[in-house]
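Since the structure comes first, as structure tokens, the remarks are kept for the end.
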Amino acid sequence: MYKVNVIDAVPGEVEVLRLMTGYLGDRLFTPRQRASLDITINATRRPIRVPISRDMLLPQKAGFGLGPPTAFEMTVSTAAGIRDAGQVIAHELLHISQVTNGRLVLNRKTKKIDRQRKKVELARWMGGKPVIIDQ
Numbered sequence: 042m043y044k045v046n047v048i049d050a051v052p053g054e055v056e057v058l059r060l061m062t063g064y065l066g067d068r069l070f071t072p073r074q075r076a077s078l079d080i081t082i083n084a085t086r087r088p089i090r091v092p093i094s095r096d097m098l099l100p101q102k103a104g105f106g107l108g109p110p111t112a113f114e115m116t117v118s119t120a121a122g123i124r125d126a127g128q129v130i131a132h133e134l135l136h137i138s139q140v141t142n143g144r145l146v147l148n149r150k151t152k153k154i155d156r157q158r159k160k161v162e163l164a165r166w167m168g169g170k171p172v173i174i175d176q
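Residues 42 to 176 (the numbering used here) are what the sequence shown spells out, left to right.
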């Protein structure tokens, strides 16, 4: 389910963002995925932007193991224009699609770096070799 909340944006702009989110969601997610996903988008006129964090993209505990994440929240600004806000939403929905379909897998592990154990985040694209993400 997609929710576009109005913080202090113009209602007409929010309606355009809501329609665009539904359009992109229909093309990026299966009906079953759309039913299980909870995507909240907050729209504001202030020049702030809160993208989806890496914590939201990490696998969640589900049943007998780990499953793809299902809850996401982001804030977009219409200060730079409705087109910019739409591009931000499309970009973030694409990342959500990659994670839920298993093309992009993020993990946290403890690795030995420079003779010290550090917690790092690993990204694996399309079943390839895991690569450490810059902190």
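Where a beta carbon is used, it is the ideal one built from N, C-alpha and C, also for glycine.
Fair warning: this is a prediction, and the values are worked out from it, not measured in the lab.
- Look at ILE80 here: in three-state DSSP terms it is strand.
- The beta-bridge partner set that DSSP reports for LEU145 consists of TRP166.
- Taking C-beta separations shorter than 8 Å and ignoring five residues to either side along the sequence, the partners of ILE93 in its chain run PHE113, GLU114, MET115, GLU133, HIS136 and ILE137, following chain order.
- The straight-line gap separating the alpha-carbon atoms of TYR64 and ARG86 is approximately 23 Å.
- Here DSSP, grouped into helix, strand and coil, assigns THR62 to helix.
- Of the residues assessed, ALA103 falls on the exposed side of the cut-off, its CB having fewer than 16 other CB atoms within 10 angstroms.
- Counting only the Cα atoms, ARG149 lies some 34 Å from THR119.
- A Cβ-Cβ contact shorter than 7 Å links ARG165 with VAL146.
- Along the segment 92-120, the alpha helix (DSSP H) occurs as fully enclosed runs of 4 or more residues at 95-98, listed in sequence order.
- Taking 7 Å as the cut-off, the beta carbon of VAL47 is found no closer than this to the beta carbon of VAL57.
- Shown here, ILE154 sits in a strand according to DSSP, grouped into three states.
- Annotation for ARG144: MET167 place their beta carbon closer than 6 Å to its own, counting only its chain and skipping 5 residues before and after.
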